[in-house]
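These notes are about the structure you will find just below.
Residue numbers (our numbering), protein chains in the order written: chain A, 1 to 254; chain B, 255 to 504.
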């Protein structure tokens, strides 16, 4: 077990990559706080972890709100023995739009959930990690945080911000024994991808078929991203910090 | 790591440093490991330490004919190859203005030509078989400037671009990834560094230390395994945060 006795918080853990990561981290021995806005789905994830013999709890939270982020950390410390070893800032939303169409609400929802939320969660998690002298933070960025993408201006801005915030946090907190990395997925078969297909007026099947021209010829699976997150969370990556791990089937190599 | 048991793994420069640690890690994962190295004494010592090594081929990766010969021997030994780790490399500390054409050729010959020769031989076999994974040794030196290593840095930048292009051409059969370490503590550093020099370098790195060779080996193991099936075409930096801020943070 790669995460035996570790305590992990995963935001946006009620579906997609967050859900897959919560299940995998628990399977690897971590006790997991499953956080998200959808209580019904969150409770299902916790039940699935419990059914597999793992330890988890759900904390309802909207990472755009400082008070919610503070509460997620406080409840985690209370429930799991005062430790916090791994923070996976996975929550995020996507709206297709260019700079002209993008509304202020969409901009705020996108940037606040991905970028501000990751900072807020880190702000409240870091004091415990610093006191422990160790901790791991993983930000969910995107291939579109490194290269640009079409009709995704707020998303690209937020995800690009995460890549550089990762480096800045790695510099500040490396000497305190804390590693900070980000994941940069390409398209992954999640509810977010299905919603994007719908917003772009494409059938999901056609949308997925569009991935056939990509280097590995397909989109990724939540499990593949969860396994990359596990690597970054585990001691197998003990010298990695400030890095962006691109998991996109070669999507942005060309 | 899942999926490394019985994998046929070829590691260049496996007799010492990161290469030797990688040999140990992959043997520990249950892989069948063969080494290509030009260091006969080092190879013998490695063999003594790991009697279960599947093969030791004496060859200089800068020599295309020698690499061809080594892979023919590997065909007989392993019957194919699933993972190649292009680890062999050299560097010479010298000012740009002092580099001789012979030194330039020597460094580029091992660090870039060697990666190309080995990767092409391996890819031929992987394309004919069930595919595979090619891991090339890049470096943070291939992404940032470092005085006194112009030839080495140019070679490593070349390895990163070679990696991206190979990944695009060889997908979906073969995954190709570059591993880019920063400072790694090897016997070479141990011989060259005074304690003061080491402390000065450590102070520049956010994690305040060099990598161990085993930490680089762990990244190779992850990338080669079935845990990383959607990763290809990118450099992966493992540097303790060193180039996150570049010179500005030092």
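Glycine is no exception: its CB is placed at the ideal position from the N, C-alpha and C atoms.
Give me the Cα-Cα distance between residue i and residue j, rounded to the nearest whole angstrom.
i                      : j                      : result
residue 109 of chain A : residue 308 of chain B : 56 Å
residue 361 of chain B : residue 439 of chain B : 21 Å
residue 82 of chain A  : residue 76 of chain A  : 8 Å
residue 496 of chain B : residue 171 of chain A : 8 Å
residue 270 of chain B : residue 9 of chain A   : 40 Å
residue 433 of chain B : residue 23 of chain A  : 29 Å
residue 132 of chain A : residue 352 of chain B : 49 Å
residue 207 of chain A : residue 201 of chain A : 10 Å
residue 30 of chain A  : residue 204 of chain A : 34 Å
residue 243 of chain A : residue 494 of chain B : 9 Å
residue 145 of chain A : residue 161 of chain A : 7 Å
residue 231 of chain A : residue 2 of chain A   : 9 Å
residue 472 of chain B : residue 276 of chain B : 8 Å
residue 236 of chain A : residue 469 of chain B : 7 Å
residue 289 of chain B : residue 278 of chain B : 11 Å
residue 238 of chain A : residue 100 of chain A : 43 Å
residue 282 of chain B : residue 400 of chain B : 35 Å
residue 356 of chain B : residue 166 of chain A : 41 Å
Which two residues bound the contiguous beta strand (DSSP E) that contains residue i?
i                      : result
residue 407 of chain B : From DSSP, residue 407 of chain B is part of no beta strand (DSSP E) but of the alpha helix (DSSP H) over 404 to 424.
residue 21 of chain A  : Element bounds for residue 21 of chain A: not the beta strand (DSSP E) but the alpha helix (DSSP H), 16 to 27.
residue 448 of chain B : Segment: none, residue 448 of chain B is in no beta strand (DSSP E) and carries neither H nor E.
residue 271 of chain A : Chain A is shown from 1 up to 254; residue 271 of chain A falls before or after that span and cannot be answered.
residue 272 of chain B : Looking at the DSSP string, residue 272 of chain B is not in any beta strand (DSSP E); the run it does join, the alpha helix (DSSP H), is 271 to 282.
Whose CA, out of the options, lies closest to the CA of residue i?
i                      : options                       : result
residue 338 of chain B : B:298, B:391, B:353 and B:345 : B:391
residue 225 of chain B : B:464, B:272, B:366 and B:267 : Here chain B has residues from 255 to 504 only, and residue 225 of chain B is not among them.
residue 69 of chain A  : A:88, A:220 and A:56          : A:88
residue 415 of chain B : A:78, A:252 and A:187         : A:252
residue 498 of chain B : A:234, A:164 and A:58         : A:164
residue 310 of chain B : B:287, B:317, B:259 and B:470 : B:287
residue 183 of chain A : A:63, A:248, A:173 and A:106  : A:248
residue 326 of chain B : B:346, B:375 and B:340        : B:375
residue 257 of chain B : B:475, B:486 and B:488        : B:475
residue 533 of chain B : B:349, B:423 and B:368        : A query on residue 533 of chain B cannot be resolved here, the shown segment of chain B reaching from 255 to 504 and no further.
residue 262 of chain B : B:370, B:441 and B:388        : B:388
residue 465 of chain B : B:354, B:402 and B:393        : B:393
Who are the neighbours of residue i on chain A, taking C-beta pairs under 7 Å?
i                      : result
residue 491 of chain B : 243
residue 279 of chain B : Under the 7 Å cutoff, chain A gives no residues; its nearest Cβ is about 10 Å from residue 279 of chain B.
What does residue i reach in chain B if we use C-beta pairs closer than 7 Å?
i                      : result
residue 170 of chain A : 460, 495 and 498
residue 240 of chain A : 492
residue 216 of chain A : 425, 426, 484 and 486
residue 167 of chain A : 498 and 499
residue 175 of chain A : 460 and 462
residue 231 of chain A : 476 and 481
residue 247 of chain A : 484 and 485
Which residues bound the alpha helix (DSSP H) around residue i?
i                      : result
residue 165 of chain A : 153 to 173
residue 6 of chain A   : Looking at the DSSP string, residue 6 of chain A is not in any alpha helix (DSSP H), and its letter there is neither H nor E.
residue 498 of chain B : It is not in any alpha helix (DSSP H) - residue 498 of chain B carries neither H nor E in the DSSP assignment.
residue 235 of chain A : Run containing residue 235 of chain A: none; DSSP gives neither H nor E here.
residue 297 of chain B : 294 to 303
residue 470 of chain B : 467 to 478
residue 197 of chain A : 191 to 199
Given that residue i touches chain B, what residues does it touch there, using C-beta distances under 9 Å?
i                      : result
residue 237 of chain A : 469, 472, 473, 476 and 492
residue 94 of chain A  : What residue 94 of chain A touches in chain B: nothing, since even the nearest Cβ is about 19 Å away.
residue 25 of chain A  : Here the premise fails: no neighbours, minimum Cβ distance about 14 Å.
residue 19 of chain A  : Correct list: empty, because the minimum Cβ distance to chain B is about 17 Å.
residue 224 of chain A : 481, 482, 483, 484 and 485
Determine the chain B residues that contact residue i at a beta-carbon separation under 8 Å, and present them in chain order.
i                      : result
residue 227 of chain A : 481 and 482
residue 80 of chain A  : Residues of chain B passing the Cβ test: none, with the nearest at roughly 26 Å.
Which residues of chain A have a Cβ atom closer than 9 Å to the Cβ of residue i, listed in chain order?
i                      : result
residue 389 of chain B : Result: empty, since nearest Cβ-Cβ is about 14 Å, beyond 9 Å.
residue 418 of chain B : 250, 253 and 254
Name, please, each residue of chain A whose Cβ falls closer than 8 Å to the Cβ of residue i.
i                      : result
residue 421 of chain B : 215, 250 and 253
residue 465 of chain B : 239
Is residue i close to the ligand GTP? I mean its beta-carbon at under 7 Å from any heavy atom of the ligand.
i                     : result
residue 90 of chain A : Absence of the ligand GTP is noted for the structure shown, with no ligands found whatsoever.
Quiz item: Mind pulling the alpha helix (DSSP H) runs of 4 or more residues that sit fully within the region 114 to 141 of chain A?
Solution: 117 to 132
Quiz item: Which ranges does the beta strand (DSSP E) cover as unbroken runs of at least 3 residues, wholly within the region 44 to 101 of chain A, from first to last along the chain?
Solution: 55 to 60 and 86 to 89
Practice problem: Could I get the ranges of all uninterrupted alpha helix (DSSP H) runs contained in the region 318 to 392 of chain B, with 4 residues as the minimum, in chain order? | Solution: 318 to 332, 355 to 362 and 368 to 382
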